[in-house]
Amino acid sequence: MSASAAQTLPVAVVIPCYNDGATVEDAYRSALVQQPAELVIVDDGSSDPATLRKLDELRARGARVIRQENQGLSAARMRGVAATSSPFVQPLDADDVLAPGALRTLLAVLEQTAADVAWGEVRSFGRSDLRWRAALPIDRWMLTHVNPLPGTPLLRRSTLLAAGGWRQDAAYQDWDLYLSLAELGARGVFVPRLFMYYRVHSSSRMWRSSLASLHENLDDLRRHHPELWRSRRRLWLRSTAPPRCRLLLPLIEALPLPLRARLALKTLVAHPRPAARSQLRKLTARFTRPKVLSEEAVRDLLRRAEAELAAEHG
């Protein structure tokens, strides 16, 4: 067996792409340098000519690209899962970037423990600079209040499929999957190292649209996971969530505030450090110039990782 084959990781990286021509190459390169056994880009019916050209270019360079009619993020992810067979699956959004060495680190934890899902620290880049350290469990009670966990963790394929995968008609696909994982009794583990760069765009239209239908989307989660909401009190007694969450989330739920405000407060409780820093930056923005990790800085990290890999293989 060659040194290259021996170092290949038993991971399938799935990159859904919908008109992401400006960023998909960064995502692809960040995954390729990790040496996964399988790497697939699922074109979810892109219509943008620049994106189609970029995908053709990547295909010509050896990338595996699967095209389907536009069906949404969940369907694209599941198409990639169906097209691969590795025992571990890493979803990667087309505008995000895996940190060098992240897959190997997360995989080692899953292979050495009974955990089903692993994630690490997430750092934003582009328009803001925040860090998320979701050192939290997949807790059934807490997930009925808020989803504090990253949307693209490394998963065991068997666990992902047993949970039903990403539900196509779910507005909050990642939250819905975590609820399914929680019902299954899946165990998650936080690895204290950087594993993902999350790109922040100037446009927030999708987020605003999501907020506009907040009631409907949360009702959808309740309809598909009714037993978790019915069992809230019992689950609270067994919850392994941090004490601050167990104390404050029920109090916030009872406040006479709009749903959007209550969800924001719950997020603040679940992620106190990044949220507090964000508010501080807003208050001091006119007096200071915050340091933001640029897209070029992330691309420089990619170039260095690629150079190191090339040096290893002569």
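In this text, residue positions in the sequence shown follow the working numbering: the first is 218, and each later residue adds one. Just so you know, even glycine gets a beta-carbon here, dropped at the ideal spot from N, CA and C.
**Asked** Is Q556 helix, strand or coil by DSSP?
**Response** The requested residue 556 does not occur in the structure, where the chain is confined to residues 218 to 531.
**Prompt:** Hey, quick one: how far does the alpha helix (DSSP H) through I469 stretch, first residue to last?
**Reply:** 460–470
**Asked** Going by beta carbon distance, what residues of the same chain come within less than 7 Å of A522, once the five residues before and after it are set aside?
**Response** V250, P317
**Asked** How is the alpha helix (DSSP H) around A527 delimited, first residue to last?
**Response** 512–529
**Prompt:** DSSP on N236, reduced to helix/strand/coil?
**Reply:** coil
**Request:** Kindly indicate which three-state DSSP category L401 falls into: helix, strand or coil?
**Result:** helix
**Request:** Within 10 angstroms of the Cβ of H418, are there 16 or more other Cβ atoms? Answer buried if so, exposed if not.
**Result:** Exposed.
**Prompt:** Does the beta-carbon distance from V228 to I258 come in below 8 Å?
**Reply:** no
**Message:** What residue range does the beta strand (DSSP E) around R373 cover?
**Reply:** 371–373
**Asked** Which residue comes first and which comes last in the alpha helix (DSSP H) that contains P443?
**Response** 443–447
**Asked** Who are the Cβ neighbours of L476 in its own chain at under 8 Å, not counting the five residues just before and after it?
**Response** L431, H432, L435
**Item:** Endpoints, beta strand (DSSP E) assigned at A335
**Value:** For A335, the enclosing beta strand (DSSP E) has its first and last residue at 334–342.
**Status (buried if at least 16 other CB within 10 Å, exposed otherwise) for L519** = Classification for L519: buried.
**Item:** R349, buried or exposed, once every other Cβ within 10 Å from all chains shown has been counted against 16
**Value:** Inspection of the sequence shows that residue 349 is occupied by Trp rather than by Arg. Under this definition W349 is a buried residue.
**Item:** L256, enclosing beta strand (DSSP E) - first and last residue
**Value:** 253–261
**Item:** Proximity of I469 and L452 at Cβ, strictly below 8 Å
**Value:** no
**Request:** Give the straight-line distance between the Cα atoms of D333 and T376, rounded to the nearest whole angstrom.
**Result:** Computed Cα separation, rounded: 6 Å.
**Item:** The beta strand (DSSP E) enclosing V306, as first and last residue numbers
**Value:** 305–308
**Request:** Keeping to the same chain, check which residues put their C-beta closer than 6 Å to that of H442; ignore five residues upstream and five downstream.
**Result:** Here the set comprises L396.
**Message:** Could you compute how far the alpha carbon of A514 sits from the alpha carbon of A325?
**Reply:** 27 Å
**Close Cβ partners of G262 (< 8 Å) along its chain, the five nearest in sequence each way excluded** = Y235, R284, Q285, E286, N287, Q288
**Closest Cα partner of D517 within the set R461, R270, Y414** = When only C-alpha atoms are compared, the closest one is Y414.
**Prompt:** Is E512 closer than 8 Å to G343 when the C-beta atoms are compared?
**Reply:** Yes, Cβ-Cβ distance for G343 and E512 is below 8 Å.
**Prompt:** Hey, out of P253, W358, R276, whose CA is closest to F305's CA?
**Reply:** P253
**Asked** Out of G279, D243, D237, which has the shortest C-alpha to C-alpha gap to E255?
**Response** It is G279.
**Option in T484, R439, R450, R373 with minimal Cα separation from R461** = T484
**Inter-residue Cα distance where the pair is D319 and G402** = According to the sequence as given, residue 319 is Ala; it is not Asp. When rounded, the distance between both Cα atoms is 25 Å.
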